[in-house]
Amino acid sequence: MPHVRRHAALVITGLLLPALLSAQSFKTEKFNIGGDGGTDYLTVDPATGRVYISRATHVMVVDQATGKIVGDIPETPRVHGIALAPRSGHGFTTNAGDSTSSMFDLRSTSVIKKVHAGAAGLDGIMYDDATDKVLTIDHSRPTGTAVVIDPTSGDVVARVELTGDAPEGGVSDGKGRIFINIEDKNAIDVVDTKTWKVVATWPIAPCDGPTGIAMDRSTNRIFSGCSKTSVVVDATSGKVVAQIPNGEGVDALGWDQGEKLMYIPAGRDGNVTVVHEDAPDKYTVVATVPTMVGAKTVSVDDKRHVAYVFTPEYGPPPADAPAPAPGRRGPRGPVIGAWFIRITH
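For the sequence shown, this note's numbering gives the first residue as 1, with consecutive numbering after it.
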């Protein structure tokens, strides 16, 4: 599909406001950025305003303000996520198709090397600023792994054996612990970065299928994104201290530290639930922002206080397409749009 960019009209959203919060409004701005391929995660670089968007076989690099394509990272088969390591000036992807991570230069977006993870099912990815390490989070068998990469050299320096076979997002407390959602167990694994071993596993019911994760280090609270009900977890005790209603089809979670706002995208419902942290154990839904069906992941720029989602738009499947197997998604038609959406307030 040619890189034709069309700019859609603004949509002003309604709000549910508690008495103690000042009136706010959120708006969405949409850009059709073109390009082929499906998607999974996207990642914003607050330092440059670039947004990295996974597109199945490549990563598109988009200017956050204009939706203009400013770069492309090729040969990333079945790419899922992108992490940025600012100290080294390098970025990394998770390529499930060949079990590698593409190491690239943040300025030029040129690929430096392919890091062979030695694990299957590369999916989530994160950067830990405390150790200056990148972790690919992998759906391996019999249990998932986190492969630890030195972002300067691109060398694999450790492997973490996790407790479930479907680990998803990870977040660091900056003090020697990393928390990784375990989707198949409805739990969080706690990793000690001195030993690179799991030291605890916390059940987080009523969360079902935790995927996205973020953290407020100032209150020591972890946010796990789950369909229908996301949860807030005390990062010391592992106790669930709050529950947050949201839509279905959640696959990420974004956090704006300065604004104390959480963004929970629901791909099936086509919206983002915006939540304010009133106190460490008290949270208020302040908006449900319409986006598009399929927009299931999010990235938040807490420098500009903007959230970003993305989804391809598909046309009807061919008339002779086979019927889907029970419980599986049916065939898709061609990509007819590729919508990069900014959420501001």
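Cβ atoms here follow ideal geometry from the backbone N, Cα and C, with glycine treated the same way.
Going by beta carbons, residue 138 and residue 154 fall outside the 7 Å limit.
The C-beta of residue 210 has 16 or more other C-beta atoms within 10 Å across all chains shown, which makes the residue buried. In the structure shown, residue 197 falls within a strand segment according to DSSP collapsed to helix, strand and coil. With a cutoff of 7 Å on beta-carbon distance, residue 57 and residue 37 are scored as near each other.
Here residue 80 is buried. Its C-beta has 16 or more other C-beta atoms within 10 Å. Secondary structure at residue 248: coil, using DSSP grouped into helix, strand and coil.
DSSP, read as helix, strand or coil, puts residue 72 in strand. Within 10 angstroms of the beta-carbon of residue 236 lie fewer than 16 other beta-carbons, which makes it exposed. Residue 164 sits away from residue 192, with the two beta carbons spaced by 7 Å or more.
Contact between residue 89 and residue 124 does not hold, since the beta-carbon distance rounds to 22 Å and is not under 8 Å. Three or more beta-carbon pairs drawn from the stretch 326-341 and the stretch 305-314 are found closer than 8 Å, and the two stretches are therefore classed as touching. Exposure of residue 279 is indicated by the presence of fewer than 16 other C-beta atoms within 10 angstroms of its C-beta.
Taking 7 Å as the cut-off, the Cβ atoms of residue 287 and residue 255 do not count as close. Taking C-beta atoms as the reference points, residue 344 and residue 27 count as a pair closer than 7 Å. In terms of Cα proximity to residue 262, the closest of 212, 91, 168 is 212.
Take residue 330, set aside five residues on each side of it, and the residues of its chain with a beta-carbon closer than 8 Å to its own are 317, 321, 323, 324, in chain order. By the neighbour-count definition (other C-beta atoms within 10 Å, threshold 16), residue 129 is an exposed residue. A residue is called buried when at least 16 other Cβ atoms come within 10 angstroms of its Cβ; residue 227 meets this threshold and is buried.
The residues 254, 263, 298, 300, 343, in chain order, have a CB closer than 6 Å to that of residue 307 in the same chain once the five nearest residues on each side in sequence are set aside.
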